[in-house]
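In the numbering used here, the protein residues as written are 4 to 365.
Think of the CB as a built atom: it goes at the ideal place given N, C-alpha and C, for glycine as much as any other residue.
A quick note: this is a predicted structure, and the numbers were derived from the prediction, not measured.
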């Protein structure tokens, strides 16, 4: 919104500063952080009054319940003020005439609504299922991802080929299969963050690292000179996604203020589905979807642990892990919760540095 003031430097020369992505990205991060810190306590208080609380006990895992008992009754659906802070900050600081911003904004909002419905059904105890039926949730995610996929496919600035890290001038053209690929990336990213959200501060801390790195990659991808120098695909207009990534970083820091151990509030699906989906769609737009596998390695590991556990049990009748996702396996193996969280953060930081390093390995 404030970006449009840069068109009126004849009124006041200082408005020119709103042209700069770096300035607006920094302000978006600060704004989202302040929104979270200011409105977070209000949300937590209202959640307690309205009994919007986490049902931590699983029932099917008595060994895990002993760790989860202390979390019982903690307010949930904190994703409401995470996503609210992100979107409010984006509305304020991003160029709202940029289609990449508008599509990402729309998908983030809609995935948050899907997650919110899922959370509402959980804490209200509606029906026999804990939340939306998995197939129904996946269907809505796929439909929304499909809209983004069609937009990306029809956008002349986005190629249907995959940019392969480490190798110069190698691109794999997917053709029409690009639409399916986009859906897989967005739905996979959305669910991977959701699966990681099981310990205090774990998912939001890793999201922070990924969003910061994607912000840097967005800026480089949208800049003609930088992208040419680094031999990466240039996608005009994607530099504006740096502002969106910065808003995610700021909101993540703000939420971590309350979600650090012991958590005062949990994110819920209303936050995790939207955050994961946003990271996925940004990676698609800037042609860094393969890089996201490395950058979001913690999320990938958590998702793969669940897939491997399910397949192993169905095929052999035996489980690979004591429990999935992997962070619960570590809990049941005697690891302290704080140790798991901090070590996963360390891994996320290392993967972020590795991803940025690959910019020069071409």
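A straight line joining the alpha-carbon of residue 349 with that of residue 263 spans about 15 Å.
Closest option to residue 142, judged by alpha-carbon separation, among 37, 164 and 187: 187. For the alpha helix (DSSP H) assignment, the uninterrupted runs of no fewer than 4 residues enclosed by the segment 92-178 are, from N- to C-terminal side, 102-127 and 137-157.
Taking a contact to require three or more Cβ pairs closer than 8 Å, the segment 212-230 and the segment 280-292 qualify as touching. Its chain contains 133 and 134 as the residues whose beta carbon lies nearer than 6 Å to that of residue 125, once the 5 sequence neighbours on both sides are disregarded; these appear in chain order. Nearest to residue 29 by alpha-carbon distance, out of 327, 251, 228 and 122, is 251.
Three or more Cβ pairs closer than 8 Å define a contact, and the segment 325-335 meets that threshold against the segment 303-315. The segment 177-194 makes contact with the segment 145-154, as at least three CB pairs between them are under 8 Å. Excluding residues up to 5 positions away in sequence, 26 lie with their Cβ nearer than 7 Å to the Cβ of residue 20 in the same chain.
Remark: C-beta atoms of residue 4 and residue 105 do not approach each other more closely than 7 Å. A Cβ-Cβ separation of about 10 Å leaves residue 114 out of contact with residue 192 under the 8 Å criterion.
Distance check between residue 51 and each of 38, 241, 76 and 42 places 76 closest, using alpha-carbon atoms only. DSSP links residue 56 through a beta bridge to 78. Every alpha helix (DSSP H) of 4 residues or more that sits fully in the segment 296-360 is shown, in chain order, as 300-319, 329-335 and 340-360. When C-alpha distances from residue 167 are compared across 235, 270 and 160, the shortest belongs to 235. The shortest C-alpha to C-alpha distance from residue 87 to any of 127, 15, 182 and 247 is the one to 247. Straight across, the Cα-Cα distance linking residue 16 with residue 22 is about 12 Å.
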